[in-house]
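Everything in the sequence shown is counted per UniProt numbering, starting at 1 for the first residue and increasing by one.
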Amino acid sequence: MSQTQRFLCEAIELAQANIEEGGRPFGAVVVRDGAMVATGVNEIIATKDPTAHAELVALRAASRALGSPNLAGCAVYASGHPCPMCMAAMRLSGVSEVYYAYSNDDGAPYGLSTAAIYADLAKPFAEQSMKISYVPVRKDGEADLYAEWKRRQAAG
Numbered sequence: 001m002s003q004t005q006r007f008l009c010e011a012i013e014l015a016q017a018n019i020e021e022g023g024r025p026f027g028a029v030v031v032r033d034g035a036m037v038a039t040g041v042n043e044i045i046a047t048k049d050p051t052a053h054a055e056l057v058a059l060r061a062a063s064r065a066l067g068s069p070n071l072a073g074c075a076v077y078a079s080g081h082p083c084p085m086c087m088a089a090m091r092l093s094g095v096s097e098v099y100y101a102y103s104n105d106d107g108a109p110y111g112l113s114t115a116a117i118y119a120d121l122a123k124p125f126a127e128q129s130m131k132i133s134y135v136p137v138r139k140d141g142e143a144d145l146y147a148e149w150k151r152r153q154a155a156g
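Take a look at the structure:
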């Protein structure tokens, strides 16, 4: 069994255990240098948090374990096709590789596909199902939000 298959089996085992606990069928493993750094399962039902996907739970745990939000050099092994939110979080955190065992096509008959969300996000903002508007508000007499952040970063 390859390392990829081994870690995908770990993610599937987490997902199966989560089903037994009344959760959704998703598990994820974060790996760096061939060693598991963190794991996560989908906690949406338990926490009532719509962002508590297995991949995000695992990323949060990995960041705590490594003491950094930078997960460069890490790989994520997920039981199911990561949704756009999870994929974006993995990119933002510097994850370099993502592997998944079940595709959106595998999940579609069970209502577990995010393919429609991917398709909607590929459209220009004006054509997406969610209203998205840029409204350039600035507070009078206040420093520019981003400029103030940059100033404080430079001041250390």
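Using N, Cα and C, we set each Cβ at its ideal position, and we do this for glycine too.
Shortest Cα-Cα distance from Ser133 to any of Gly141, Pro124, Lys139, Asp140 involves Pro124. DSSP places Val29 within a strand segment (E or B) once states are collapsed to three. Judged by their CB atoms, Ala78 and Val57 are not nearer to each other than the 9 Å cut-off. Between Gly80 and Leu59, the CB-CB gap reaches or exceeds 9 Å.
Comparing alpha-carbon positions, the option among Ala116, Ala72, Ala154 lying closest to Ser96 turns out to be Ala72.
Annotation: the continuous alpha helix (DSSP H) that includes Ala17 extends over 3–20. For Thr47, the enclosing alpha helix (DSSP H) starts and ends at 44–47.
When His53, Arg151, Val29 are compared, the shortest CA-CA separation from Ile45 is found for His53. Secondary structure of Cys83 (DSSP, three-state): coil. Taking all protein chains shown into account, Met90 has 16 or more neighbouring C-beta atoms within 10 Å of its C-beta and is therefore buried. With fewer than 16 other Cβ atoms from the protein chains shown falling within 10 Å of its own Cβ, Leu92 counts as exposed. Within the segment 44–78, complete alpha helix (DSSP H) segments of at least 4 residues are found at 44–47, 54–66, given in chain order. Look at Ala35 here: in three-state DSSP terms it is strand. The DSSP-derived three-state label of Tyr134 is coil. The closest CA to that of Gly22, considering only Glu142, Leu121, Glu43, Ala154, is found on Glu43.
For Tyr110, no beta strand (DSSP E) run applies, since DSSP gives it neither H nor E.
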